[in-house]
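This report refers to the structure that appears directly beneath it.
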Amino acid sequence: MGTGGETAAVVGIGMTEFSATRGDVSMPGLVREAAQRALEDAQMDWEDIDAVVMGKAPDFFEGVMMPEIFLSEALGCVGKPMLRVHTAGSVGGSTALVAASLIHSGVHQKVLTVAWEKQSESNAMWALSLKQPFQVSINAGAGGYFSPIIRQYMIESDAPDLIGCMVAYKDRQHALLNPYAHLHQPDLTFDQVVESPMLWEPIRYSETCPSSDGAAAMVIVHESVAEKSANPAWIHAGAMRSEANNFPGRDEVNPQASRECAADLWKQAGISNPREEIDAVEMYVPFSWYEPMWLESLGFCERGDGWKMVESGATHLEGGDLPVNCSGGVLSSNPIGASGMIRFAEAALQVRGMAGQHQVAGAKKALGHAYGGGAQYFAMWVVGADKPTS
Amino acid sequence: METHERLSAPLVLEYPFTRTTGPVIGAFLTGLREAILLGIKRADGTVLFPPTEYDPQSSESLYEMVEVGQDGTVLTWTWIDKPRDQSPWKQAHALALIQLDQTDTSLLHAVLVDDVKQMITGMRVTTQWRDEREGHINDIEGFIPIEGSGV
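From first to last, the protein sequence lines stand for chains A and B. Residue 11 is where the first sequence starts when you use the working numbering, and the numbers rise one by one after that. Residue 68 is where the second sequence starts when you use the working numbering, and the numbers rise one by one after that.
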């Protein structure tokens with residue numbers, strides 16, 4: 011049980027305001043905004059940090075090759091180790107786990123981890139759909155890739171058509187409680203979600219994530235440092251898995267890598283009944299239907315029952331027993347490279363009791379989850395208000 | 068042995084990017100357009116030119132932009148006898164590290180002289196502005212020797 015090695019905790023969290031265009035800040039300014047807020051929360055200064063671990067989606071999104079080198083000085087890394095992590099959309103999660111591993115291994119005591127994307131510097135949606143010689147290009151972006159998988163889920167699980175709209179409507183309501191969220195749509199109605207244009211059938215416009223600028227940062231420290239902090243989020247478990255996006259017999263709706271990652275996570279955390287033992291979930295849902303799909307894959311319910319949890323309101327902050335994406339989730343803010351770390355950081359905020367208006371009352375254990383690529387890279391952690399017992 | 072033609076196809080990637088300059092670089096570039104040179108003051112009072120948003124040593128945020136001198140001193144240089152096609156300069160010139168007055172760092176730019184014999188480390192130079200300026204480092208055409216200043 012446990013992550014192995016030294017015990018680690020999150021003692022500082024910082025995020026930027028998320029929006030379509032952060033025209034007021036440069037790339038260094040954006041990452042520094044999140045990093046400085048995390049340092050301030052941790053009551054630390056640049057000089058207190060031993061190493062920096064940065065995550066970001068493909069360099070092509072901003073057109074800066076190896077931005078970790080370009081941003082080293084901006085992140086206080088002169089004379090210190092700087093590592094870059096890259097695992098597509100899951101990168102924000104895996105970056106946090108790599109940062110935590112530097113503590114678990116005993117190599118460092120205090121690590122700053124930062125993940126970011128400045129999508130307004132280009133157009134990441136279509137950067138993923140470049141034409142390749144000798145291949146048919148349908149130029150359909152991520153939604154085009156995932157829509158048949160979602161259709162497959164709907165058929166397999168016999169889910170009603172509007173479950174996805176319920177997820178989207180719920181997350182946009184949650185976003186109203188999060189001042190950092192990109193989309194604040196107080197006047198949005200459920201009918202408007204349903205009536206929004208069909209982009210990639212069965213995915214409607216309002217069931218997709220926005221394109222955002224933003225960054226998230228955390229200070230992860232050894233338990234000897236964390237014990238001096240007023241309210242650390244203790245890392246109980248962390249797991250990563252990956253698989254190819256195309257092979258015969260692949261379960262694309264519920265990938266093996268996802269299931270095995272979750273099983274490893276719950277085992278490390280000593281959790282036998284995730285639905286009962288987890289108080290808040292921040293999962294990576296860029297298209298609405300991924301909420302019921304991941305609820306099943308993560309073991310919060312039996313296969314085919316995820317949509318029933320959504321339909322029953324179980325994942326609502328208001329009255330739900332397993333609130334999912336109280337921050338508004340990826341559906342309300344999506345700076346791609348940062349989106350996974352936002353999930354991890356929001357989980358940590360919940361167990362620290364620092365989530366403000368979107369706080370789940372009394373949250374003791376929370377899940378942060380991210381996936382990337384063609385649903386082929388997975389990163390997850392469990393954080394708790396109490397120190398892990400072993 | 069029979070030879071086969073190998074299949075190949077061109078792949079040309081073209082993709083538009085923009086750059087958000089932020090408060091410091093944005094002010095620096097705006098200054099260039101107005102033919103004003105702006106550096107930024109560090110905590111110890113030294114001035115970085117060109118300016119950065121943060122101290123490159125301590126990473127502390129920097130805010131105090133200051134106008135610096137348009138004259139400076141050549142710290143070191145190299146001679147470009149035949150500029151390549153991509154060079155912003157068509158004539159022979161020096162590339163030099165130039166420390167402007169009231170600054171503590173140097174700027175890489177051209178010194179526009181006709182002959183390498185005119186180049187001396189420690190020589191005094193002044194900014195030569197373009198008439199048409201757009202907020203770009205090339206709004207400075209280069210630096211020219213201050214006549215009679217010696218070394």
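Even for Gly, the Cβ is constructed at its ideal location relative to N, Cα and C.
Near the ligand FAD: residue i beta-carbon under 7 Å from a heavy atom
i	result
Thr97 of chain A	Although the ligand FAD was asked about, the structure shown includes no ligands whatsoever.
Chain A within 8 Å of residue i, Cβ atoms only
i	result
Ala76 of chain B	yes
Pro86 of chain B	It is Arg, not Pro, that sits at residue 86 of chain B in the sequence shown. So, interface residue.
Ser173 of chain B	no
Leu80 of chain B	yes
Ile204 of chain B	no
Ile92 of chain B	yes
Gly106 of chain B	no
Pro83 of chain B	yes
Gly139 of chain B	no
Gly136 of chain B	no
Gly89 of chain B	yes
Short CB-CB distance (under 8 Å) between residue i and chain B
i	result
Trp276 of chain A	no
Met11 of chain A	Only weak support is given to the placement of Met11 of chain A: the predicted model assigns it a pLDDT of 49, under 50, and the value that follows is read from those uncertain coordinates. No, Met11 of chain A lies away from the interface with chain B (no Cβ there is under 8 Å from its Cβ).
Ser428 of chain A	Any property of residue 428 of chain A remains undetermined from this structure, which presents chain A solely from 11 to 400.
Glu83 of chain A	yes
Leu140 of chain A	yes
Phe156 of chain A	no
Phe28 of chain A	no
Ser132 of chain A	yes
Phe144 of chain A	yes
Val88 of chain A	yes
Gly224 of chain A	no
Gly33 of chain A	yes
Gly39 of chain A	yes
Arg42 of chain A	yes
Cβ neighbours of residue i in the same chain (closer than 8 Å, five flanking residues each side left out)
i	result
Glu270 of chain A	Arg251
Trp317 of chain A	Ser167, Ala169, Pro170, Ile173, Pro302
Presumed contact (8 Å Cβ cut-off) between residue i and residue j, rounded CB distance
i	j	result
Lys30 of chain A	Ser221 of chain A	Note that residue 30 of chain A corresponds to Ala in the displayed sequence, not to Lys. Right, their Cβ atoms sit about 7 Å apart.
Met164 of chain A	Glu321 of chain A	With a Cβ gap of about 13 Å, Met164 of chain A and Glu321 of chain A do not count as contacting.
Leu107 of chain A	Gly248 of chain A	5 Å
Ala48 of chain A	Val235 of chain A	Not quite, the Cβ-Cβ distance comes to about 14 Å (not below 8 Å), so this is no contact.
Arg200 of chain B	Ala102 of chain B	7 Å
Gln386 of chain A	Asn255 of chain A	5 Å
Val20 of chain A	Ala358 of chain A	4 Å
Gly202 of chain B	Arg100 of chain B	4 Å
Val135 of chain B	Val114 of chain B	6 Å
Ser125 of chain B	Trp56 of chain A	7 Å
Phe84 of chain B	Glu262 of chain A	Wrong, their Cβ atoms sit about 33 Å apart, outside the cutoff.
Residues of its chain near residue i, where Cβ-Cβ distance is below 7 Å and the 5 sequence neighbours each way are ignored
i	result
Val41 of chain A	Leu81, Ala84, Leu85, Val124, Trp126, Ala225
Ala185 of chain A	Ala191, Leu193, His194, Gly338, Ser342
Phe95 of chain B	Leu105, Pro117, Pro118
Arg73 of chain B	none
Glu78 of chain A	Met64, Met92, Arg94
Chain-order list of residues whose beta-carbon lies under 6 Å from that of residue i (same chain, five-residue window excluded)
i	result
Thr17 of chain A	Glu233
Gly309 of chain A	Ala272, Pro284
Ser130 of chain A	Thr31, Asp223
Asp138 of chain B	Asp168, Thr193
Ala161 of chain B	Trp144, Trp146, Val178, Met186
Asn188 of chain A	Ser337, Gly338, His368
Ala348 of chain A	Gly102, Ala125, Trp126, Glu127, Gly224, Ala225, Ala226
Ala163 of chain B	Val141, Trp144, Val178
Met75 of chain A	Asp69
Ala52 of chain A	Val21, Gly22, Val229
Ala159 of chain B	Asp148
Tyr381 of chain A	Ser100, Tyr294, Phe388
Contact with chain C by residue i, beta-carbon distance below 8 Å
i	result
Leu49 of chain A	Given the protein chain composition of this structure (A and B), no chain C is represented.
The segment 143-154 of chain B: which residues have C-beta closer than 9 Å to a C-beta of chain A, in chain order?
-> For the segment 143-154 of chain B, which is checked against every Cβ of chain A, not one residue is closer than 9 Å.
Three CB pairs or more closer than 8 Å across the segment 180-187 of chain A and the segment 337-357 of chain A = Yes, the segment 180-187 of chain A touches the segment 337-357 of chain A.
Which residues, taken in chain order from the segment 114-130 of chain B, show a beta carbon closer than 9 Å to some beta carbon of chain A?
-> For the segment 114-130 of chain B, the set of residues with a beta-carbon nearer than 9 Å to any beta-carbon of chain A comprises Thr119, Glu120, Tyr121, Asp122, Pro123, Gln124, Ser125, Ser126, Glu127, Ser128, in chain order.
Taking a cut of 8 Å between CB atoms, which residues from the segment 94-113 of chain A lie near chain B?
-> Listed by position, the residues of the segment 94-113 of chain A near chain B (Cβ gap below 8 Å) amount to none.
Return the residues of the segment 60-75 of chain A that lie within a Cβ-Cβ distance of less than 8 Å from chain B, sorted by chain order.
-> Listed by position along the chain: Phe70, Glu72, Gly73.
Decide yes or no for the touch test of the segment 321-335 of chain A against the segment 287-304 of chain A: beta carbon pairs closer than 8 Å, at least 3 of them.
-> Look at the beta carbons and you see the segment 321-335 of chain A touching the segment 287-304 of chain A: at least three pairs across the two are nearer than 8 Å.
Output, in sequence order along the chain, the residues in the segment 47-59 of chain A whose CB is closer than 7 Å to any CB in chain B.
-> So the close ones are Trp56.
When Cβ atoms are compared, which residues of the segment 147-180 of chain A fall closer than 8 Å to chain B?
-> Going along the segment 147-180 of chain A in chain order, one finds no residue with a Cβ nearer than 8 Å to chain B.
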